[in-house]
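Some notes on the structure that comes next.
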Amino acid sequence: MQSTWCASAQAISSKSAQHGCFKKYFKIPELPRLKYPWPQKSLSEPGPACSSIDAKTPKGTVLFPSRFDYQELLHNSTFCLVPRGRRLGSFRFLEALQAACIPVLLSNGWELPFSEVIDWSKAAIIGDERLLLQIPSITRSVDAERILALRQQTQFLWDSYFSSVDKIVLTTLEIIQDRIYTYTSRSMLMWNSLPGGLYTLPRFSSYPTLFPFYYGLLGKTPQQEFTAVIQAVAPLQSPQQPILKLIIAVAKSKFCAQIIVLWNCDKPSPPRSKWPSISVPLTVIEEERKTMSGRFYPHDVIRTDAVLSLDEDSVLSTNEVDFAFIVWHSFPERIVGYPGRSHYWDATKGRWGYTSKWTNEYSMVLTGAAFYHRYYHFLYTHYLPSRLLSMVDQLANCEDILMNFLVSTVTKLPPIKVTQKKQYKETMMQQGSKSSRWADPDHFAQRQSCMNSFAAWFGFMPLVHSQLRLDPVLFKDQVSILRKKYRDIERL
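Put into structure tokens, the structure is as follows:
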């Protein structure tokens, strides 16, 4: 890439530039003093603020040495001057944001992009061009902690609102929508904190406390209860079926508020007498259109922050449910659960691969036995395009992978696996039911294809690998079992 020399220091003060007062903080390289064949311009005169370092004089001689790479200087700089210029300020400004270089703005009266919703004081140093020579002392006074915070904010703003034309246009439209529907408009906290205003849909709520991302910032905690949502695809034919055992085990949890069974079977749901008698409300929802994406529909009956998503053949004890919920309570923005899976890049085929092999890392936690925040139901249904949802419904597969893609895209974080439990499925399943799709050889191939289709739509691979696994205190330690809180987990 052609390097560029920013000439702001030349226009500021030749004496200050000669003494190197900008050199340390703005990464201006040592250049030989050259006589310019054209007159110098002042700050008040229009014209480009930068010229190519390999530009040639009218006599054809190289003006600046070519050993200085502009992009390298930019990415290694702590602060970047953004002077006044004709269409140049905004370009330099976005360049600095992309490079995590803190913009030092020297353009009085310049309306910054999206300033209606973005607090630029958290990402830039806003100077006064009338007090130009105070800029070096101002930058020196910024401590290391604030420098880190400023640089992190530049990356958040760039990635959220400026990294593509699509995001710029979408941000503009969302701001206009907030102007029109002021009663549901997003707060400044939502626009200026992760994951950003584009992922906090105002149709869900305008209160930050109802989203999973702001508990720590607001000093709040999620509710101490959860709703279990069980996807049922096989008819009830025996009192020993896995779903009945699962309902009893989950209902014994002290954190369980209610259990919802999503009846996705071709046969009608059984009468209430067929279901076990438990101490928490049990609701059976039978949709007219039975789809795999229906398990993530934001039903009004779900009132708790936490959702425990379960397949009907999942095998979990009450202790396992309690421990996973306690872990989720500390990480409410992530998926927390038991079945871990991973992705990898297959260089020979030039595509992404999906694997269920047990290794030292994972990038997905399947929603067959996992906790997550109920907001992700709303985001899954109303944010993702109908094309992806239709593909999931047609295949009757990959809905759990798509949910992992969505959550990792929003949080930029991996899920969290709890305990070393590997088998979370009931082995005695009826081969004639939809549940036996795990034994279908096409099932795995479909999931491979889904990975690449999802990555193509998102434009990148959002999944993040992790080597973290959380176990209970004293897990597998050689101490008395009476000292352990979750005693049953070690026996499973």
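The sequence shown begins at 1 in my numbering and counts up one residue at a time. Positions of the beta carbon are idealized from the N, C-alpha and C atoms, including for glycine.
What is the C-beta distance between residue i and residue j, in whole angstroms, given that I count them as a contact (C-beta under 8 Å)?
i, j, result
"Gln-467", "Glu-361", "5 Å"
"Thr-139", "Val-104", "7 Å"
"Ala-123", "Leu-106", "So it is not a contact: roughly 16 Å between Cβ atoms."
"Gln-98", "Trp-191", "Not confirmed; about 19 Å, so no contact."
"Phe-378", "Leu-201", "7 Å"
"Val-473", "Leu-413", "No, Val-473 and Leu-413 are not in contact; Cβ-Cβ is about 24 Å, not under 8 Å."
"Leu-298", "Cys-265", "Leu is not the amino acid found at residue 298; the sequence shown has Pro there. Not really, about 22 Å apart at Cβ, beyond 8 Å."
"Pro-212", "Tyr-375", "6 Å"
"Pro-276", "Ile-230", "Not really, about 12 Å apart at Cβ, beyond 8 Å."
Which class does residue i belong to by DSSP, given the choice of helix, strand or coil?
i, result
"Gln-394", "helix"
"Trp-110", "coil"
"Ile-481", "helix"
"Trp-358", "coil"
"Pro-270", "coil"
"Cys-450", "helix"
"Gln-231", "strand"
"Arg-33", "Since pLDDT at Arg-33 reaches only 37, below the 50 mark, its modelled position is unreliable, and no value is offered."
"Val-301", "coil"
"Leu-470", "strand"
"Met-461", "coil"
"Lys-290", "coil"
"Lys-425", "strand"
"Phe-117", "Just to set this straight, residue 117 is Val in the shown sequence, not Phe. If DSSP states are grouped into helix, strand and coil, Val-117 belongs with coil."
"Tyr-215", "helix"
"Trp-275", "coil"
"Tyr-380", "helix"
"Thr-221", "coil"
"Lys-412", "coil"
"Leu-246", "helix"
Enumerate in chain order the residues of its own chain whose CB-to-CB distance from residue i is below 6 Å, with the five nearest sequence positions on each side excluded.
i, result
"Ile-335", "Val-365, Ala-370, Tyr-372, Val-407 and Pro-415"
"Lys-24", "Note on Lys-24: pLDDT 39, under 50, position unreliable in the model; the coordinate value appears next. Once the five neighbours on either side are set aside, Lys-24 has no close Cβ partner at all."
"Tyr-214", "Pro-208"
"Met-461", "Ala-455"
"Leu-112", "Trp-120"
"Tyr-181", "none"
"Glu-490", "none"
"Asn-319", "Tyr-486, Asp-488 and Ile-489"
"Phe-405", "Phe-454 and Pro-462"
"Ser-449", "none"
"Ile-401", "Cys-450"
In the DSSP assignment, what residue or residues form a beta bridge with residue i?
i, result
"Asp-542", "No answer is possible for residue 542: the residues shown for the chain start at 1 and end at 492."
"Thr-283", "Ile-260"
"Phe-226", "Cys-256 and Ala-306"
"Cys-80", "Pro-103"
"Phe-68", "Beta-bridge pairing links Phe-68 to no other residue."
"Asp-311", "Gln-231"
"Tyr-372", "Val-307"
"Gly-337", "Ala-370 and Lys-417"
"Ile-125", "Val-104"
"Met-364", "Arg-341"
Who are the Cβ neighbours of residue i in its own chain at under 8 Å, not counting the five residues just before and after it?
i, result
"Ala-96", "Leu-74, Cys-80, Val-82, Ile-102, Pro-103 and Thr-154"
"Ser-206", "Tyr-183, Thr-184, Ser-185, Arg-186 and Ser-187"
"Thr-221", "Tyr-215 and His-329"
"Ile-118", "Leu-112, Leu-157, Tyr-161, Trp-191 and Asn-192"
Looking only at its own chain, which residues have a Cβ that is under 7 Å from the Cβ of residue i, when we skip the five neighbours before and after it?
i, result
"Trp-263", "Ala-232, Ser-269, Val-284, Ile-285 and Glu-286"
"Ala-257", "Glu-225, Phe-226, Thr-227, Val-280 and Thr-304"
"Phe-114", "Tyr-161, Thr-171 and Ile-175"
"Asp-128", "Asn-108"
"Val-327", "Val-336, Ile-416, Val-418 and Leu-470"
"Leu-482", "none"
"Phe-458", "Phe-405 and Thr-409"
Under a CB-based cut-off of 8 Å, is residue i close to chain C?
i, result
"Val-418", "In the displayed structure, chain C is absent; only one protein chain is listed."
TODO: Any chance you could list the alpha helix (DSSP H) runs of at least 4 consecutive residues sitting entirely within the region 179-207, in chain order?
DONE: DSSP runs (the alpha helix (DSSP H)) wholly in the region 179-207: 188-192.
Open item on the list: Just to confirm the assignment: which complete alpha helix (DSSP H) runs, minimum length 4, are found wholly within the region 130-184?
Closed with: Under the rule that a run must span 4 or more residues, the alpha helix (DSSP H) segments found entirely inside the region 130-184 read 135-140, 144-157 and 165-180.
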